[in-house]
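Structure first, commentary second.
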Amino acid sequence: MAAHWDRLELRSWAWIGGERRVYQSGSVSAIRQPADLIRGFCGSEQLPVGTAMFCGTLPVQAQVEFAGRFEFELADPVLDRVLRHAYDVVALPVVE
């Protein structure tokens, strides 16, 4: 996958008011490559065991707002496969 990193696509949808809306969409080439971030952080090609690293995100298509459900995928058009996930959000009550 590293050989065609710039061909990968990220997409996400937010369920707002019962409607599924595109939330983010674009190529991973719009964010920093993981290898660059890892080298910059620890000076080597691998993260230390037990380390997690975030590498940014794509711009939101409309506005940032609360959604009861998020769905997202990482699509690889070269190998014709897709990794998908979703999660539901439960808002905690406001306590004053």
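Counting in the numbering used here, the sequence shown runs from 19 upward without gaps. Backbone N, C-alpha and C fix where the C-beta goes; we use that ideal spot for every residue, glycine too.
Under a 10 Å Cβ-count criterion, V46 is classified as buried, with 16 or more other Cβ atoms of the shown protein chains found around its own Cβ. Segment contact: the stretch 51-59 against the stretch 101-112, fewer than three CB-CB distances shorter than 8 Å; contact not assigned. Between E89 and S30, the C-beta gap is smaller than 8 Å, which places the two residues in contact. DSSP places A53 in the uninterrupted alpha helix (DSSP H) bounded by P52 to C60. Judged by DSSP secondary structure, L101 falls within the beta strand (DSSP E) whose first and last residues are R99 to D106. Ranked by Cα distance from V78, the first of V113, A48 and D24 is A48.
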